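Asker: My questions all concern the structure below.
Protein chains: 2
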Amino acid sequence: MDTVFFSHILAKVSLSEEEKNSIKTFFVSKKLRKRQYLLQEGDICKYLSFVEKGLLRSYNIDEKGEEHMNMFACEGWWISDMNSFLSGEKAVFNIDAIEESELLMITLEDFEEMTLKIPVMDRYFRILFQNSLVTKERRLVSSNTHTAEEKYIELMESNPAIIQRIPQNLIASYIGIAPETLSRIKKNIASRK
Amino acid sequence: MDTVFFSHILAKVSLSEEEKNSIKTFFVSKKLRKRQYLLQEGDICKYLSFVEKGLLRSYNIDEKGEEHMNMFACEGWWISDMNSFLSGEKAVFNIDAIEESELLMITLEDFEEMTLKIPVMDRYFRILFQNSLVTKERRLVSSNTHTAEEKYIELMESNPAIIQRIPQNLIASYIGIAPETLSRIKKNIASRK
DNA sequence: AAATAAAATTGATCTATATCAATTAGAATT
DNA sequence: AATTCTAATTGATATAGATCAATTTTATTT
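Keeping their order, the protein sequence lines are chains A and B.
So the first sequence is numbered by the working numbering: it starts at 605 and just counts up by one.
So the second sequence is numbered by the working numbering: it starts at 605 and just counts up by one.
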C-alpha cells in the first residue's frame, strides 16, 4: 500500500501520516490475472477500485453480443461501475484485466465511512470526479462532432501512452467504429505521410 | 436566494443556518433574457452557475459552423464550461438562454474559498459530480451502442419533462443526428402506434 | 392581424462507415 | 517448433443517416 496510490492522492490534497494510516485501513488489495473479470454485467458492483499496476477495461455488451468499450484504466486510475456501486443496482458494465493487474478496492460502506471520517477525501474525490467529467465531456463532444479519423487522431494525441498497450479492436470499439474502419484509417494516415 | 437553491443542496447534505448564510455570500445573481449569452467560445468561463429559473444550453460549434448541443440545464441544474472554469483556459462551449432565466453564480476563487471554509460543500459537489459522471457515462454508452431512434426513445423516457421545452432541432443536435432524421424518426414512431 | 423569420416536414440523392467474407499476420499454447 | 487461436488487413457490397432542396407549419416581430 504504496507509492502509486498516495502519490496520486497527494497530487490533489494534503494528508497527515495519521490520515494516511487511517485511509489504508479501508482498502483491500487484489491481484487479477490477464482476462480475469473484476465485474460482470448483472452483478452488483461492490467496489470502487484503484489501479496500482496493470490495465483494465470496462465495457458493455449490446443485444447483438457486441462489446462497446466504456473506459480503460491503467496505473493511477480508478475504475468501477459507478452507478451500480453507488445505487446498488445491477451493473451494466463488465470489467476485466487486459494485463495482469493489482488493485486497491473499497466498498461503498467503507467509502462513506472514510469520507465522513476524513473529509479531505470528499475534496479529493470532488476534484477527481470534476476532472473525469471534463474528460467525458470532451469525448462526448468528439463523438458528436468529429469523423472516425478525427476521433482516432484525437485519441492518439491525447493518450499516446495507453494506446500502445491496447489492441486495435478495443480502440476501435472505444471510439465507436468498426475494427475494419480503424484499420483502413491507419492505412490512410500512414500513406499520407 | 432561495428555495430552489438550498432545497437542491439540502437534498444531498445538511447545512446549519450559519453555513447557509455564509454560502449565500459567495454567490451573485443574474438574469438572462431569452437568447442572451452567458458565455461565448474563446472567452474564459468565470463562473459556475446554478439555474434558479429558466432553461439554458451549452454547445460547441464545429469548423462548418454547425452547433452541437452539449447539455441543457433547467431549474436545479448547474452549468459552466467546467474545463475553462477550473483551468482558466479558453472556453470551447457557448452557453445561452433558451428561456428567460435566473442564475446564481460563483467565481473559481470564491468556489475554492467556500469549499475550504465549508468542507461539506466539497461533499455536495463530490456527490453532484459523481451523479453527473453516471449520466454522462450513460449518454456515451448510448451514443456508441444505439441507433438514432433508440437514442431518441431513451432520451424521451429518461427526460420527458425537459424535452418538451426544447426545440426539436436542438434535441436532434443533442443526440448527434440531423434534424431531418429526427423528424422522420418521430413520424415512424407515430405511425407504428 | 399582417408580415417576416425560424422550425419542422417531406422527398430525392449521396456518403461515411458498417457488414460480410476471405486472407494474412501475430500471439498463445501444447 | 508446431499447432491453434485471435487480431489485423483487404476487398466487395450494403445501409443508416446525412445532405440538399422545396414546402408547410409555427413562432416572432412589426
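For every residue, glycine included, the Cβ atom is placed at its ideal position computed from N, Cα and C.
The structure displayed is predicted, hence computed values, not measured ones.
Look at the alpha carbon of Ile766(A) and the alpha carbon of Thr785(A), and state the distance between them as a whole number of angstroms.
Answerer: Residue numbering aside, residue 766(A) sits at position 162 when the first sequence is read from its first letter. Residue numbering aside, residue 785(A) sits at position 181 when the first sequence is read from its first letter. Computed Cα separation, rounded: 20 Å.
Asker: Whole angstroms is fine: what's the gap from Val608(B)'s alpha carbon to Phe631(B)'s?
Answerer: Position 4 of the second sequence, counting from 1, holds the residue named residue 608(B). Position 27 of the second sequence, counting from 1, holds the residue named residue 631(B). Rounded to the nearest angstrom, the two C-alpha atoms are 14 Å apart.
Asker: Using the beta-carbon of each residue, which ones in chain B are nearer than 7 Å to Arg730(A)?
Answerer: The sequence position of residue 730(A) within the first sequence is 126, counting from 1. Neighbourhood of Arg730(A) in chain B, by CB distance below 7 Å: Asp726, Phe729, Arg730, Phe733, in chain order.
Asker: Cα separation between Ala752(B) and Leu619(B)?
Answerer: Reading the second sequence from its first residue, position 148 is the one you call residue 752(B). Reading the second sequence from its first residue, position 15 is the one you call residue 619(B). Each residue's Cα considered, the two are about 43 Å apart.
Asker: Buried or exposed: which applies to Leu659(A), given that a residue is buried once 16 or more other Cβ atoms fall within 10 Å of its Cβ?
Answerer: Residue 659(A) sits at position 55 when you count from the first residue of the first sequence. Counting Cβ neighbours within 10 Å, Leu659(A) comes out buried, since at least 16 surround it.
Asker: What residue range does the alpha helix (DSSP H) around Ile613(B) cover?
Answerer: Stepping through the second sequence from its first residue, residue 613(B) is reached at position 9. Run containing Ile613(B): 607 to 614, per the alpha helix (DSSP H) assignment.
Asker: Look at Met673(B) and Leu774(B) and say whether their C-beta atoms are less than 8 Å apart.
Answerer: If you number the second sequence from 1, residue 673(B) lands on position 69. If you number the second sequence from 1, residue 774(B) lands on position 170. Contact: yes.
Asker: Listed in chain order, which residues of the region 734 to 758 of chain A have Cβ atoms closer than 7 Å to some Cβ of chain B?
Answerer: Gln734, Ser736, Leu737, Val738, Lys740, Glu741, Arg743, Leu744, Val745, Ser747, Asn748, Thr749
Asker: Are Tyr651(A) and Ile710(A) close, meaning C-beta to C-beta below 8 Å?
Answerer: The residue you call residue 651(A) lines up with position 47 of the first sequence. The residue you call residue 710(A) lines up with position 106 of the first sequence. Yes, they are a contact pair.
Asker: Give the DSSP-derived three-state secondary structure of Lys650(A) in the structure shown.
Answerer: In the first sequence, residue 650(A) corresponds to position 46, counting from 1. In the displayed model, Lys650(A) falls within coil according to three-state DSSP, outside both helix and strand.
Asker: Please state whether the Cβ-Cβ distance between Tyr641(A) and Asp700(A) is less than 8 Å.
Answerer: Translated into positions along the first sequence, residue 641(A) becomes position 37. Translated into positions along the first sequence, residue 700(A) becomes position 96. Contact: yes.
Asker: Give the interface partners of Gly692(A) over in chain B, defined as CB-CB distance under 7 Å, in chain order.
Answerer: Taking the first sequence and counting its residues from 1, the one referred to as residue 692(A) is at position 88. Simply none; closest approach about 13 Å.
Asker: Within 8 Å of any Cβ in chain A, is that where the Cβ of Asn674(B) sits?
Answerer: Stepping through the second sequence from its first residue, residue 674(B) is reached at position 70. Yes, its Cβ sits closer than 8 Å to a Cβ of chain A.
Asker: Is the beta carbon of Ser688(A) less than 8 Å from the beta carbon of Ala695(A)?
Answerer: The count along the first sequence starts at 1 and reaches residue 688(A) at position 84. The count along the first sequence starts at 1 and reaches residue 695(A) at position 91. Their beta carbons are under 8 Å apart, which means Ser688(A) touches Ala695(A) by this criterion.
Asker: Check whether the Cβ atoms of Asn748(A) and Gly646(B) lie closer than 8 Å to each other.
Answerer: Counting from 1 along the first sequence, the entry for residue 748(A) is found at position 144. Counting from 1 along the second sequence, the entry for residue 646(B) is found at position 42. Contact flag unset, no.
Asker: Determine the direct distance from the alpha carbon of Glu754(A) to that of Glu761(A), and round the result to whole angstroms.
Answerer: Within the first sequence, residue 761(A) is the residue found at index 157, counting from 1. Within the first sequence, residue 754(A) is the residue found at index 150, counting from 1. Rounded to the nearest angstrom, the two C-alpha atoms are 11 Å apart.
Asker: Is Ile710(A) close to the ligand MG? I mean its beta-carbon at under 7 Å from any heavy atom of the ligand.
Answerer: As presented, the structure is devoid of all ligands, the ligand MG included, so that no description of it is given.
Asker: Look at the alpha carbon of Arg730(B) and the alpha carbon of Lys657(B), and state the distance between them as a whole number of angstroms.
Answerer: For this step, residue 730(B) is matched to residue 126 along the second sequence. For this step, residue 657(B) is matched to residue 53 along the second sequence. Their backbone Cα atoms lie some 24 Å apart in a straight line.
Asker: Shortest alpha-carbon distance to Asn664(A) belongs to which of Arg796(B), Arg743(B), Ser787(B)?
Answerer: Here residue 664(A) is taken as the residue at index 60 of the first sequence, counted from 1. Checking every option, the nearest Cα to that of Asn664(A) belongs to Arg743(B).
Asker: Using a Cβ-Cβ cutoff of 7 Å, what residues of the region 774 to 795 of chain B are near chain A? List them in chain order.
Answerer: Gly780
Asker: Starting from Asp666(A), find everything on chain B with Cβ-Cβ shorter than 7 Å and list it in chain order.
Answerer: For the purposes of this step, residue 666(A) is taken as the residue at position 62 of the first sequence. Thr749, listed in chain order.
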